[in-house]
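Using numbering that gives the first Met the number 0, the letters of the sequence shown map in sequence onto residues 0 to 697. By construction, the Cβ of each residue, glycine as well, lies at the ideal position given by its N, Cα and C atoms. Note that the coordinates shown come from a computational prediction; the quantities given were computed from them, not determined experimentally. Inspection log for the structure reproduced underneath, given as structure tokens.
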Amino acid sequence: MSSWSRIFPTVYCDSDGSSSLRKTALQTVRSAVAVPESELKRWRRTFDTYSKVINDEKFLDPDGFIDAIAPKGDLSKIGRAQFGILFRIADTSRRGLVSWDDFTVFETLLKRPDADYWMAFQYFDVDHSGNIDYNEFKAVFSANLGPDAIPFDFDCDWVKLYLGKKNGTHVLGYNEFTQLMKGLQGERLRQAFKYLDTDQDGFIRPDEFKRIILEIAGHKLSEAVIDRLPTLCTLSPGQRISYSEVIAFHNVIREMDMVERIIREATAKSKDGRIDQSDFLNHAASSSRYSLFTPMEASIVFHFAGRGIASQRLALIDFAQLLDPRWRPPHEEFEERKPVKATLVQNVLHSSYNFVQGGFAGAVGATIVYPIDMVKTRMQNQRSTVVGQLLYKNSIDCAKKIFRNEGFTGFYRGLGPQLIGVAPEKAIKLTVNDLVRARAMDPETGRIKLGWELAAGGMAGGSQVIFTNPLEIVKIRLQVQGEAAKVEGAIAKGAVHIIRQLGILGLYKGATACLLRDIPFSAIYFTAYSHLKKDVFQEGYNGKRLSFLETLGAAAIAGMPAAYLTTPADVVKTRLQVEARKGQTHYSGLRDAFVKIYREEGFRALFKGGPARVIRSSPQFGFTLLAYETLKDVVSYPWQEKPIKMETALTSRPDEMSKIRARNALKILLDVHGDFGRRAATFSGRPLSLSNPRLSSS
């Protein structure tokens, strides 16, 4: 029987594997699983990259095959060399080489939704009959057990239930085989415990427990957990481990993905970012139809995460050593990426980096919404007490008249000073907020208390006034010159003239009102932005990264309440900073301005330009924060010390599905024994060295 009919039984291929029928079979296989042409080209590129030319034909040797199929940066504890186990499945001709046709069949096989179990079936089906009998199952299994391995009784009742009485009168089809493999590890665990429990008192020693787990699940656990396996005996008196505890530990490993989901969700919903055993069990119960974990299993989770203190509240990062097989102690991570010692030069470089980053982001946001800002300023400066007809009926009328009287460039009057000042303003604002939040943040949970969030935003807003006040007073006077020229025939004056006219002290006129606006604005804005990302758009939830639109949406929505609620302070600031014309009310200070505006124009006057301010501030800060965060990702600071994150296969960026299925197939085989595929075996009297893929044909 040919390799083609073995792997795809429904496809006919002659016994001698002639090239014409072989080609027809290959085409039939491809069409059966609808392999697009683009995918075939990608497979060809991969094959050509890792293949070698032998006798004028390209082949993959074992090393090239591993490079072609192994996931890149795999977060499981499976070495790349172990993917050589799958070489025997791909090498259908048993010549130690994989041809292009063989590789295409293997990749097509990986497109099956059950590719992992199907490949395991192919591995055990030595005679390519399409069924697995007792002798095949025993031979393949035994071939992968070393002399020091815990023996397995193939004549046990459990095996007989699947394969019949001794020597097996029943053969397993593919579907039956998958069920056997799913339950095999549990049977191995039971037999191993019984074998080591020599006095049959229901207990084994801690070192014996470690031996069992290393054989059947060592590839699923970090070295830290493996080292501490014997400490499981401390959960109950007697310094020994019961069968119940062994089964409970195995259940935790088997359901590790669900354990991780529950932990991530529970810590995300927790107020302090930490959970205890009760929180874990409560969330498990609320997120499933039936009870998922017993109290003993929860105790085991917290025992290994809490370093033996199971009663404490733990953060997500505390569970890393249990959930991440490749976890290493924090000091090792630190040594590997130890930051360069901060120097004066590096501090200057970092500050320059922040200024450039914040300046560019601020310039993008300011330019996009500047026309709206122009309308907002004109509307806020319009006085209802001036004799004569009002210049603007509403914001739309204002925009029309600016365009008609001053042209399109009129919308950008005063943009120059705005862009010049926006770099230090945004840099210091964004940097101060990030700095204070970083100092106040719990390093383990990544959480910050609400009071500190508001304080960080408020300090960021207050620190920027040294730049924003001179900038805004010049910008505002340039913006209102257009209407003054229309009404009074005045000659427009440039920014330099205005600066000379005001002087240093004059540039800070209305600074108190500016502080009154910017401190609460930033406090509201940055706090709302953070909670929108985390609570509404679920950033970080199971490793989620926000999309372009989600980041823009969070930043824009956060600007709405911040902008509107601080409009009264912005109105007062505008009135104080604008040069009053003849017939307009003069204000002597912050309190005087509030009182006179309220008495002369009513309470609604304090919210003049509020909608325009929302329309301007919301997208401006949306685009500013979007640009800022994008820049941080794209052009990261090379010496920035990054926090250690718990990244697992559950949260990592998805790999190609074929590579994921290849990894999962390998895991199924490794669940049989940790040394699976590393030992020599004999099938039908012929030596099959699994470490040397040049195997004889069946």
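- Using a Cβ distance threshold of 8 Å, A119 and M180 count as a contacting pair.
- Going by beta carbons, L228 and H302 fall outside the 8 Å limit.
- Burial check for P618: the Cβ neighbour count within 10 Å reaches 16 or more, so the residue is buried.
- Comparing alpha-carbon positions, the option among P35, D100 and T566 lying closest to P610 turns out to be T566.
- A314 sits in a strand when the DSSP states are folded into three classes.
- Between S75 and the set H218, V594 and A439, the nearest pair of CA atoms involves H218.
- If you look at V97, you'll find it isn't in any alpha helix (DSSP H); DSSP assigns it neither H nor E.
- According to the DSSP assignment, K76 belongs to no alpha helix (DSSP H), since it is labelled neither H nor E.
- In the three-state DSSP reduction, I447 falls in the coil class, being neither helix nor strand.
- When DSSP reads this structure, F120 sits in no beta bridge, so it has no partner.
- Rounded to whole angstroms, the separation of the alpha carbons of T48 and F86 is 17 Å.
- With distances taken between CA atoms, I225 lies nearest to F208 out of S241, F208 and Q238.
- With distances taken between CA atoms, R327 lies nearest to S221 out of S221, I596 and H496.
- Judged by DSSP secondary structure, F208 falls within the alpha helix (DSSP H) whose first and last residues are P205 to A216.
- Counting C-beta pairs closer than 8 Å gives fewer than three between the region 234–245 and the region 261–270, which falls short of the contact rule.
- In the three-state reduction of the DSSP assignment, I149 falls in the coil class.
- Under DSSP, S241 takes part in a beta bridge, and its partners are F202.
- The region 255–264 and the region 281–296 touch, with three or more beta-carbon pairs separated by less than 8 Å.
- According to DSSP, I53 shares a beta bridge with E56.
- Within a 10 Å sphere around the beta-carbon of Q356 sit 16 or more other beta-carbons, which makes this residue buried.
- One thing to note: V139 has its Cβ no nearer than 8 Å to the Cβ of V158.
- For M440, there is no enclosing alpha helix (DSSP H), as DSSP gives it neither H nor E.
- Look at L291 here: in three-state DSSP terms it is coil, with no helix or strand label.
- Beta-bridge partners assigned by DSSP to I274: L313.
- Closest in alpha carbon position to L213, among I203, Y627, I149 and P560, is I149.
- The continuous alpha helix (DSSP H) containing K137 extends over residues Y133 to A142.
- Here DSSP, grouped into helix, strand and coil, assigns L171 to strand.
- A69 sits in coil when the DSSP states are folded into three classes, being neither helix nor strand.
- Residue burial is scored here from C-beta neighbours: N468 has at least 16 other C-beta atoms within 10 angstroms and is therefore classed as buried.
- Spatial neighbours of R598 in its own chain (CB-CB distance under 8 Å, excluding positions within 5 residues in sequence) are not present.
- Counting of Cβ neighbours within 10 angstroms places P294 among the exposed residues, the total staying below 16.
- With a cutoff of 8 Å on beta-carbon distance, M257 and L313 are scored as not near each other.
- The Cβ-Cβ distance between G172 and N134 does not fall below 8 Å.
- Sequence-distant partners of E186 (beyond 5 residues in either direction) whose C-beta falls short of 6 Å from its own C-beta, in its chain, are W157.
- Secondary structure at Q619: helix, using DSSP grouped into helix, strand and coil.
- At the C-beta level, I84 and L630 stay beyond 8 Å of one another.
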